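Numbering (my numbering), first residue to last: 2 to 142. To start, the structure itself, in structure tokens.
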Amino acid sequence: MAIEPRREGVIIGAMRLMSLNLLLLSVALLISACGKGPEQGEQPVYSQKDYPNLESQLFQLATDKNPEKFAYTHNLKYKDGLVQVEIELVPEQALPAGYTIQVEAQYENLIQARVAVKDLLKLSKEPQIKFIRAPMEVQPG
Numbered sequence: 002m003a004i005e006p007r008r009e010g011v012i013i014g015a016m017r018l019m020s021l022n023l024l025l026l027s028v029a030l031l032i033s034a035c036g037k038g039p040e041q042g043e044q045p046v047y048s049q050k051d052y053p054n055l056e057s058q059l060f061q062l063a064t065d066k067n068p069e070k071f072a073y074t075h076n077l078k079y080k081d082g083l084v085q086v087e088i089e090l091v092p093e094q095a096l097p098a099g100y101t102i103q104v105e106a107q108y109e110n111l112i113q114a115r116v117a118v119k120d121l122l123k124l125s126k127e128p129q130i131k132f133i134r135a136p137m138e139v140q141p142g
């Protein structure tokens with residue numbers, strides 16, 4: 002059964018129009034997906050180079066999906082969402098307000114404290130903070 006040439010042209014035109022619509026829809030979906038941040042429940046992507054004042058092990062702790070397990074496997078002192086750290090302040094500066102920080106000891110610009118893991122990244126960006134590291138273990142001599 003042969004299709005009339007005129008009808009054949011209409012069918013081909015309709016197929017081209019559908020193909021063009023599919024292409025435009027695909028491009029629109031791709032553009033909208035690229036411009037979005039992380040979906041709800043997804044972890045945002047962090048780069049350690051954006052947090053030079055935070056020791057790499059603490060950066061990994063702060064960005065891990067299971068910080069309690071990470072702390073345990075890396076011998077970090079962690080309890081109730083807080084991790085023990087050593088904070089080095091810029092000389093003549095005080096700890097910034099607005100963070101969960103329990104100071105345990107301080108000598109000049111060095112502070113040993115328990116800090117909320119959720120605060121580590123933001124705290125390390127504060128201008129008063131020179132560096133945040135895990136405390137060094139004292140070895141018997």
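Ideal placement from N, C-alpha and C gives every residue a C-beta, glycine not left out. Since the model is a prediction, treat every value here as computed from it, not as a measurement.
Buried versus exposed, by CB contacts within 10 Å (16 or more), residue i
i: A106; result: exposed
i: L111; result: exposed
i: Y47; result: exposed
i: Y52; result: buried
i: E68; result: The sequence given here has Pro at residue 68, not Glu. That one is buried.
Whole-angstrom distance between residue j and residue i, CA atom to CA atom
i: G99; j: K123; result: 11 Å
i: E89; j: A114; result: 11 Å
i: D81; j: T101; result: 12 Å
i: P97; j: E127; result: 7 Å
i: D65; j: R17; result: 49 Å
i: Q129; j: A95; result: 7 Å
i: V86; j: F132; result: 10 Å
i: F71; j: S125; result: 19 Å
i: L55; j: M137; result: 15 Å
i: D120; j: L62; result: 11 Å
Residue i (DSSP reduced to helix, strand or coil)
i: V116; result: strand
i: Q129; result: coil
i: K78; result: coil
i: A106; result: strand
Range covered by the beta strand (DSSP E) that runs through residue i
i: Q85; result: L83 to L90
Alpha helix (DSSP H) segment containing residue i, residue limits
i: A63; result: S57 to T64
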